[in-house]
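These notes concern the structure reproduced below.
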Amino acid sequence: MTLNPPSPTGLVRQPAVLVLEDGRSFRGLSYGAVGETLGEAVFSTGMTGYQETLTDPSYHRQVIVMTAPHIGNTGVNDEDGESRRIWAAGFVVRDPALRSSNWRARRDLEDELRDQGVVGICEIDTRALTRHLRERGSMRVGIFSGSTAQRPPTELLDRVLAAPRMEGAALAEEVSTRQSYVVPARGQKRFTVAALDLGIKEMTPQLMAERGIEVHVLPARSTIEDVMTVGEHGPDGVFFSNGPGDPATAEREITLLRQVLGDRVPFFGICFGNQLLGRALGFGTYKLKYGHRGINQPVLDRATGKVEVTAHNHGFAVDAPLDDVSDTPFGRARVSHVCLNDDVVEGLECLDVPAYSVQYHPEAAAGPHDAAYLFDRFIELMERRGEGEDTSEERVRPGAPTSATGDMERRGEGEDTSEERVRPGAPTSATAEMVESTTAEQNREAN
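Under full-length UniProt numbering, the first residue of the sequence shown carries the number 1, and numbering increases by one thereafter.
Here it is, written out as structure tokens:
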């Protein structure tokens, strides 16, 4: 580590230290604003898309560790931000770019961090830090630079331990819009959707607008009356966005969603919206050890058998049986998508009401576009409702019997028809080999 190298703007970096709640610390140099910040330490494996990551409201109160070593190469532009500001509590990089080089760049990343008061640290071993978080789990962290970095280590650790945990945190209202606004449809308007902003990314309503949807973005505290008065005759569909915090704290939003399901209004949820659908159906949610954050996570669509490469950013997940159709207060529901790395639930679909959701980010900002079809599926639900058709969401997996006929066929062949329930997070027989190979690859990368 070079001591106090000058930045491209001539600023001399100051000493900095990162302190984890278990007492582990990493010394480096200041990056962005100088001062102190507290949050939850999480790591993101994306090699690109740092501007979209920083401005994603789902990262509110989190300190992001970038596993890619070189960050800032393409600067910051005026088009790729996913909200009005940077929401990350802090930023950790190994080797910041000395200068940005991209035809769209308007500012250097470090200048943007400094202007928005985001405290960061650089010139630390992010590989070792990521391995520590993967083995010990996400935890509270503090970054201290300048004069604060010179305080006694015990005092810095006490400040970290005094910070709130992510479990039990109700954060959606802190990042939500204060006033409703409309994203107009591009071209001819086909449908009107009420979108509850729990931390919505800008790309999401834009992709709906491209499909002829007029999107009314509503504050997180909206009531069922606010939702059902959208449009001339009420909304054609309701959308719940991504967002930060613990879904177990969102009782008001869950009650609203149950009213939407009871009225059989087509529903689509992403990320936090998926977790709220799960809880509205009666499933639980739980915190993952270190979460999913990156832009190349493999997810299986269980109805089609196709594997999608997807963008993830979630620290909580839905606790639902992977291979069973569940009875809920709103009819039957099942897991529609699953992560092939660890069998975490990545999607839900209701079979008797028009509702579905995914845990990952089909809007792909940043990330691949494999899951863009999910927005078209929302269109199909609203079309069928408008035509008076049955809007239930059952999709039969290719070559798979229904739950009723499957049992009868197996009984006729003398097979055991008992159902072994798979605990969340445990690999199924179909994915165990893939999980094992993926884990081996991760271990090779970490070493």
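C-beta atoms are modelled at their ideal positions from N, C-alpha and C, and glycine is treated no differently. Since this is a predicted model, take the numbers as computed values, not measurements.
Nearest to residue 31 by alpha-carbon distance, out of 25, 17 and 42, is 17.
Cβ atoms of residue 227 and residue 280 stay farther apart than 8 Å, at about 14 Å. Under the three-state reduction of DSSP output, residue 36 falls in the strand class.
Restricted to the region 131-198, the alpha helix (DSSP H) segments that are unbroken, complete and at least 4 residues in length are 153-161 and 172-175, listed in chain order. Every alpha helix (DSSP H) stretch that sits fully inside the region 212-241 and reaches 4 residues is listed by chain position as 224-228. Under the DSSP definition of a beta bridge, residue 122 partners with 29. For residue 310, the closest of 293, 325 and 319 by C-alpha to C-alpha distance is 293. Closest in alpha carbon position to residue 104, among 388, 97 and 79, is 79. Shown here, residue 57 sits in a helix according to DSSP, grouped into three states. The beta carbons of residue 142 and residue 36 sit closer together than 8 Å. Close CB contacts of residue 66 within its chain, under the 7 Å cut and outside five residues either way in sequence, are with 44, 50, 92, 93 and 126 (chain order). Unbroken alpha helix (DSSP H) runs of no fewer than 4 residues, entirely contained in the region 76-116, are found at 109-115, following chain order. Around the beta carbon of residue 140, a 10 Å sphere encloses 16 or more other beta carbons of the protein chains shown; the residue is thus reported as buried. Per the coordinates, the alpha-carbon of residue 198 lies some 22 Å from the alpha-carbon of residue 118.
With respect to the C-alpha of residue 109, the residue from 89, 75, 278 and 82 having the closest C-alpha is 75.
Between residue 146 and residue 14, the gap from beta carbon to beta carbon is short of 8 Å. Annotation for residue 357: 269, 273, 274, 277 and 348 place their beta carbon closer than 6 Å to its own, counting only its chain and skipping 5 residues before and after. Of the residues 89, 221, 238 and 341, the one whose Cα lies closest to the Cα of residue 291 is 341. The straight-line gap separating the alpha-carbon atoms of residue 100 and residue 265 is approximately 47 Å. With a contact defined as Cβ atoms closer than 8 Å, residue 246 and residue 166 qualify at about 6 Å. The alpha-carbon of residue 86 is positioned some 27 Å away from that of residue 251.
Going by beta carbons, residue 88 and residue 71 fall outside the 8 Å limit. For the region 301-364, the continuous beta strand (DSSP E) assignments of 3+ residues that do not extend past its boundaries occur at 307-319, 326-328, 331-339, 345-350 and 355-358, in sequence order.
Its Cα nearest to that of residue 134, the residue 42 stands out among 367, 359, 332 and 42. Excluding residues up to 5 positions away in sequence, 39 and 89 lie with their Cβ nearer than 6 Å to the Cβ of residue 61 in the same chain. Pairing residue 164 with residue 313, the inter-Cα distance amounts to about 20 Å. In this structure, residue 320 sits near residue 335, with a CB-CB distance shorter than 8 Å.
In this structure, residue 192 and residue 216 form a Cβ contact; the two beta carbons are roughly 7 Å apart against a cut-off of 8 Å.
By the 16-neighbour rule on beta-carbons within 10 angstroms, residue 160 is buried. In this structure, residue 375 lies away from residue 354, with their beta-carbon atoms at least 8 Å apart. The beta carbon of residue 157 sits closer than 7 Å to those of 19 and 23, all from its chain and outside the five residues before and after it, given in chain order. Remark: C-beta atoms of residue 271 and residue 296 do not approach each other more closely than 8 Å. Counting C-beta atoms within 10 angstroms of its own C-beta, residue 130 has 16 or more neighbours from the protein chains shown and is therefore classed as buried. Residue 238 and residue 304 have their C-alpha atoms some 25 Å from each other.
Residue pairing from DSSP places residue 298 in a beta bridge opposite 309.
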